[in-house]
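A quick write-up on the structure given underneath.
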Amino acid sequence: MEKITVFNNRLLPYLLLLPQLVITVIFFYWPASQAVWQSFLREDAFGLVSEFVGLENYQTLFAQPEYYRSMLTTVIFSTLVAALSLSIALLFATQADKNLKAAGGYKTLMIWPYAVAPAVAGVLWFFMFQPSLGMLSRPLRGMGVDWNPLLNANHAMILVVLASVWKQISYNFLFFLAGLQSIPRSVIEASAIDGARPMRRFWTIVFPLLSPTTFFLLVVNVVYVFFDTFGIIDAVTAGGPAGATTTMVYKVYADGRLGGDLGGSAAQSVILMIIVIALTAIQFRYVERKVQY
Amino acid sequence: MVEHRPLSDFIAYAILTLGVLIVAFPVWLAFVASTHDAATVVGGRMPAMPGTDALENYYRAVFVGGSRTSREPVANMLINSFVSAIGIAVGKIIISILSAYAVVYFRFPFRKTAFWIIFITLMLPVEVRIYPTYKVVADLRMLDTYAGLILPLIASATGTLLFRQFFMTVPDELLEASRIDGAGPFRFFWDTLLPLSVTTIAALFVIQFIYGWNQYLWPLLITTKDSMQTIVIGIKKMLVTTDELAEWQLAMATTVLAMLPPVAVVIFMQRLFVRGLVQTEK
């Protein structure tokens, strides 16, 4: 779609584009190309001499068991967070979609955690489950669970997943509710006249019609788990214990900062960029389909 | 729903109420912890109701700062957070409304190229290029400055796409009418397009304010001085001592303060928030 009537100035459009292009080139393209370039270099310990080593950083990376472990952690983490936050949000959204008098109030009370910073969400959940002073650690111990997210890898993972799900429910709820409200009532009424009970109507009519929303949210949630949970992980576990909650993004940060391995960190950045580009491509293919629908 | 059954409504209310309570529970605990003295919080037997030390805790957090940790008063962090969040939101709006105006209302060589250069940045979140970006900012001597906190985060395609989408829905007749009246590009932008864009601008502002306020990784990397910390970073630094020595009641008071502005924005500007969220994701 294009405008038919336009202005004919020669210079003005470039001036209008200039601020954004300058900032984009300085802070996006230059660093991104540096990341690609650095991934082929090896720097000495002082960062003074760097040498072109080809694919060596990538080879080293793929020879590291820790890298595969961070991949596996990312897969487990994103599956758990996406599955839990989507299903819980869908449950709440279907209830809020019923003609309740207080539906608007519930919506407000459900969406505000979107505004809580991931790192703050992490601090909130860590405070509840901190082994010695957490309000919920004591009852857990009372039930015979030796709860300690600082030492136990599974406990740490559970805590990070809970905090991430808590933060993400609001977003999914909002989009599911919008999706549910856009389903025409007539379709549901028709199936009710045919004698379908609410559960059957949900699985045969509502859920399939909701699938574009669900698919869109699935992609967004995976991106969320990849990038936005950095703050949660850093606040709750800092990637520990012993790397049990180190996701791929966290490893880029940890290797570059703590390990000083900039080449390896850059190689990981490049791999992540490829993953993001793939995810974005999937998302845009879906957007095109939504337009037809 | 089609049939109206009291039982179904009752179940809905029960599930939603439970959901709202679960969602609010962690925040309630943080608020309660911020109203008790240190010993009560650290003892692990904190009551479920607020205590009497709220004033003292908040006063100390805001104006004095923790005694064991960074000693930076929260008032200062709040200013840093406000400056960077508003800077990110306003900066993004200005550069993206200008670039969208250029792309939609002008024809010039490399128009498509310029659009794609901006568009591709959707695929490069700050997290995947942190160290090279850090180096650029360090070379430009922008560490520990507001410019360093703001500029790398304002160039993104979302704003441009949003305004482009909105400009496309503005009827062509408006531009034709303004041109007949003798208006040039500046006049049309200022007198016609900008007033029409107010809701879109406000919606984008709400989303970007929250985004800027909640930044974590980037400020963590580029602020080395305590005086430049944002509040989200400040909380983390208060807890770095991780053991019982951390002043949890002050950290929780800070947490409550860190949540207030963005949560208030979502609750009081819910319409704009929902609109911004749905539109920027398209």
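Same order as they appear, the protein sequences are chains A and B.
Using the numbering used here, you'd call the opening residue of the first sequence number 203 and step up by one each time.
Using the numbering used here, you'd call the opening residue of the second sequence number 511 and step up by one each time.
Glycine included, every Cβ here is placed at the ideal spot set by N, Cα and C.
Subject >> Alpha carbon of serine 666/B to alpha carbon of isoleucine 477/A, nearest angstrom >> reply: Serine 666/B and isoleucine 477/A have their C-alpha atoms spaced approximately 19 Å apart.
**OP:** Compute the Euclidean distance between the alpha carbons of glycine 455/A and leucine 213/A, then round it to the nearest angstrom.
**Re:** It should be pointed out that residue 455/A corresponds to tyrosine in this sequence rather than to glycine. Between the alpha carbons of tyrosine 455/A and leucine 213/A lies a gap of roughly 42 Å.
Original post:
Just reading off the alpha helix (DSSP H) that arginine 459/A is part of, what are its end residues?
Top reply: It spans 450-459 - the alpha helix (DSSP H) in which arginine 459/A sits, taken as one unbroken run.
Original post:
Around the Cβ of proline 320/A, are there at least 16 other Cβ atoms within 10 angstroms (buried) or fewer (exposed)?
Top reply: Result: buried.
Original post:
Which residue's Cα is closest to the Cα of asparagine 210/A: Arg570/B, Ser518/B, Leu517/B and Phe618/B?
Top reply: That would be Phe618/B, whose Cα lies nearest to the Cα of asparagine 210/A.
Original post:
Thinking just about the alpha-carbon of each residue, which of Pro771/B, Pro557/B and Met633/B is nearest to the one in glutamine 485/A?
Top reply: The candidate whose alpha carbon is nearest that of glutamine 485/A is Met633/B.
Original post:
What's the gap between the Cα of arginine 403/A and the Cα of valine 389/A?
Top reply: Straight-line spacing of the CA atoms in arginine 403/A and valine 389/A works out to 10 Å.
Original post:
Using the beta-carbon count (16 or more within 10 Å), is glutamine 261/A buried or exposed?
Top reply: Classification for glutamine 261/A: exposed.
Original post:
Would you say the segment 625-639 of chain B touches the segment 693-707 of chain B, given that touching needs at least three Cβ pairs under 8 Å?
Top reply: Contact between the segment 625-639 of chain B and the segment 693-707 of chain B is absent, because fewer than three Cβ pairs lie under 8 Å.
**OP:** Kindly indicate which three-state DSSP category leucine 243/A falls into: helix, strand or coil?
**Re:** DSSP places leucine 243/A within a strand segment (E or B) once states are collapsed to three.
Subject >> Candidates Phe377/A, Leu218/A, Pro351/A and Leu411/A, of which the one nearest phenylalanine 166/A by Cα >> reply: In the structure displayed, chain A extends from 203 to 495; residue 166/A sits before or after that span and is not available.
Original post:
Quick one: is lysine 622/B near chain E, going by C-beta distance under 8 Å?
Top reply: Of the protein chains in the structure, A and B, none is chain E.
Original post:
Under the three-state reduction of DSSP, which class applies to leucine 528/B: helix, strand or coil?
Top reply: Correct three-state label for leucine 528/B: helix.
**OP:** Apply the 10 Å Cβ neighbour rule to lysine 746/B and answer buried if 16 or more other Cβ atoms are within range, or exposed otherwise.
**Re:** Buried, by the Cβ-count rule.
**OP:** Kindly say whether glutamine 383/A, judged by its beta-carbon, lies nearer than 8 Å to any beta-carbon of chain B.
**Re:** No, glutamine 383/A lies away from the interface with chain B (no Cβ there is under 8 Å from its Cβ).
Original post:
What residue does the alpha helix (DSSP H) around serine 393/A start on, and which one ends it?
Top reply: 387-395 is the span of the alpha helix (DSSP H), which, as asked, contains serine 393/A.
**OP:** Using a Cβ-Cβ cut-off of 8 Å, state whether tyrosine 495/A counts as contacting chain B.
**Re:** Model confidence at tyrosine 495/A stands at a pLDDT of 36, short of 50, so the residue's coordinates are unreliable; what they give is reported in the following sentence. Not an interface residue.
Original post:
DSSP on tyrosine 495/A, reduced to helix/strand/coil?
Top reply: Legend: pLDDT at tyrosine 495/A = 36, less than 50; position of this residue unreliable, no value from coordinates given.
**OP:** Express the C-alpha separation of threonine 431/A and glycine 442/A in angstroms, rounding to a whole number.
**Re:** Looking at the two C-alpha atoms, the distance is approximately 14 Å.
**OP:** Classify glycine 344/A as buried or exposed, calling it buried when 16 or more other Cβ atoms lie within 10 Å of its own Cβ.
**Re:** When all chains shown are included, glycine 344/A counts as exposed.
Subject >> DSSP bridge partner residues for phenylalanine 616/B (one or two, in chain order) >> reply: Phe209/A, per the DSSP bridge assignment.
**OP:** Below 8 Å on the Cβ atoms is my guess for phenylalanine 329/A versus alanine 540/B; work out the distance and round it to an integer in Å.
**Re:** Confirmed, Cβ separation roughly 6 Å.
Subject >> Distance between valine 776/B and threonine 709/B (C-alpha atoms, nearest Å) >> reply: Roughly 15 Å between the two C-alpha positions.
**OP:** Check whether the Cβ atoms of phenylalanine 715/B and alanine 599/B sit closer than 8 Å, and answer yes or no.
**Re:** In contact: phenylalanine 715/B and alanine 599/B (Cβ atoms closer than 8 Å).
**OP:** Check each candidate in Val367/A, Gln236/A, Met337/A and Ala305/A and name the one with the smallest Cα separation from isoleucine 435/A.
**Re:** With respect to the C-alpha of isoleucine 435/A, the residue from Val367/A, Gln236/A, Met337/A and Ala305/A having the closest C-alpha is Val367/A.
**OP:** Under 8 Å by Cβ, that's how I've got alanine 768/B and isoleucine 741/B pegged, so tell me the actual separation to the nearest angstrom.
**Re:** Confirmed, Cβ separation roughly 4 Å.
**OP:** Give the interface partners of serine 388/A over in chain B, defined as CB-CB distance under 7 Å, in chain order.
**Re:** Result: empty, since nearest Cβ-Cβ is about 10 Å, beyond 7 Å.
Original post:
Looking at the unbroken beta strand (DSSP E) that takes in glutamate 253/A, where does it start and where does it end?
Top reply: Glutamate 253/A -> beta strand (DSSP E) spans 252-254.
**OP:** Compare the C-beta of serine 609/B against all C-beta atoms of chain A and say whether one is closer than 8 Å.
**Re:** At a cut-off of 8 Å between C-beta atoms, serine 609/B counts as an interface residue with respect to chain A.
Subject >> asparagine 211/A at chain B interface by Cβ criterion, 8 Å >> reply: Asparagine 211/A counts as touching chain B.
Subject >> Outcome for glutamine 383/A when other beta-carbon atoms lying within 10 angstroms are tallied against a minimum of 16 >> reply: With fewer than 16 neighbouring CB atoms inside 10 Å of its own CB, glutamine 383/A falls in the exposed class.
**OP:** Grab the span of the alpha helix (DSSP H) containing aspartate 436/A for me, first residue to last.
**Re:** Here the alpha helix (DSSP H) through aspartate 436/A covers 432-438.
Original post:
Shorter than 8 Å from the beta carbon of tyrosine 656/B to some beta carbon of chain A?
Top reply: For tyrosine 656/B, the closest Cβ of chain A is not nearer than 8 Å.
**OP:** In angstroms with no decimal places, state the Cα-to-Cα distance between tyrosine 269/A and leucine 263/A.
**Re:** Approximately 7 Å between the Cα atoms of the pair.
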